[in-house]
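Peer 1: Each position in the sequence shown, counted from 1, maps to that position plus 8 in my numbering. Structure provided below as structure tokens; questions to follow.
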Amino acid sequence: MILGITLMANGCQENVKQGVAGRVLWIEGNQMPTIVNEENPAATRQRPEPAGVEREVYFYELTPMDQATSNGVFFSDIQTKLVEKVKTDKEGNFAVSLPEGRYSVFVKEDQGLFANSMDGQGHINPVEVNKDEITELKLEVNYKAAY
9 MILGITLMAN
19 GCQENVKQGV
29 AGRVLWIEGN
39 QMPTIVNEEN
49 PAATRQRPEP
59 AGVEREVYFY
69 ELTPMDQATS
79 NGVFFSDIQT
89 KLVEKVKTDK
99 EGNFAVSLPE
109 GRYSVFVKED
119 QGLFANSMDG
129 QGHINPVEVN
139 KDEITELKLE
149 VNYKAAY
């Protein structure tokens with residue numbers, strides 16, 4: 009299974025020499041750690057596994073919080089320039105060519121553009137692309153998960 013995912017991700021990267029490659033994962037439900045029932049381990053609640061999902065991934069110029077409207081983890085009215093967008097495959101894999109620089113990355117959801125991290129300077133979901141390198145990125149869409 010892991011070999012198949014790696015091969016699919018590498019297939020996405022085939023034409024990308026510089027940019028970002030990765031996977032969008034859907035995570036939902038109770039993600040809290042559980043205590044294993046020693047007498048009946050099969051009865052222990054299992055966490056749902058993250059699953060790759062088909063989505064659109066948007067790459068904007070690096071975006072500070074004051075240049076977007078937020079509603080929790082959903083964003084709209086982004087005032088920086090949209091640089092590129094890419095659609096993932098059915099397993100969530102994607103690759104996109106981008107110039108050197110720093111970008112803010114969002115995943116398109118019905119409620120808006122999703123992003124769940126910031127750096128220490130208030131930039132939304134930043135990623136950096138270096139010359140002649142592919143930056144690996146895992147995007148966890150987890151607004152329906154409880155931790």
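Quick reminder that beta carbons are idealized off the backbone N, C-alpha and C, glycines included. From a predicted model like this one, the values you see are computed outputs, not experimental measurements.
1. Let me make sure I understand the geometry here. Which of Lys152, Gln119 and Lys25 has the alpha-carbon closest to that of Ser78?
2. Can you tell me where the beta strand (DSSP E) holding Pro160 begins and where it ends?
3. Whole-angstrom Cβ separation of Val137 and Val28, contact assumed at under 8 angstroms?
4. With DSSP as the reference, label Met126 as helix, strand or coil.
5. Pick out whichever of Ser84, Thr42 and Glu36 has its Cα sitting closest to the Cα of Pro72.
6. With a Cβ-Cβ cutoff of 8 angstroms, do Val135 and Val113 count as a contact?
7. What is the rounded straight-line gap between the Cα of Tyr68 and the Cα of His131?
8. Look at the alpha carbon of Glu46 and the alpha carbon of Gln54, and state the distance between them as a whole number of angstroms.
9. Can you check DSSP and say which residues form a bridge with Pro41?
10. Output the distance between the C-alpha atoms of Leu145 and Leu70, rounded to the nearest integer angstrom.
Peer 2: In brief:
1. Position 70 of the sequence shown holds residue 78. If we check each option's Cα against that of Ser78, Gln119 comes out closest.
2. Beyond the ends of the chain as shown, which are 9 and 155, falls residue 160; an answer cannot be given.
3. Your numbering for residue 137 matches position 129 in the sequence shown. Your numbering for residue 28 matches position 20 in the sequence shown. Rounded to the nearest angstrom, the Cβ distance from Val137 to Val28 is 6 angstroms, consistent with a contact under 8 angstroms.
4. As a first step, residue 126 must be located in the sequence shown, where it is residue number 118. Residue state for Met126 is assigned as strand, using DSSP reduced to three classes.
5. Mapped onto the sequence shown, residue 72 falls at position 64. Pro72 has its Cα closest to that of Ser84, out of Ser84, Thr42 and Glu36.
6. Looking up residue 135 in the sequence shown gives position 127. Looking up residue 113 in the sequence shown gives position 105. Taking 8 angstroms as the Cβ cut-off, Val135 and Val113 qualify as a contacting pair.
7. Along the sequence shown, one-based indexing puts residue 68 at 60. Along the sequence shown, one-based indexing puts residue 131 at 123. Taking the CA atoms as reference points, Tyr68 sits about 11 angstroms from His131.
8. Within the sequence shown, numbered from 1, the residue matching residue 46 stands at position 38. Within the sequence shown, numbered from 1, the residue matching residue 54 stands at position 46. Rounded to whole angstroms, the gap between the alpha carbons of Glu46 and Gln54 is 14 angstroms.
9. Stepping through the sequence shown from its first residue, residue 41 is reached at position 33. For Pro41, which the question treats as bridged, DSSP gives no partner whatsoever.
10. Translated into positions along the sequence shown, residue 145 becomes position 137. Translated into positions along the sequence shown, residue 70 becomes position 62. Cα to Cα, the separation comes out at about 16 angstroms.
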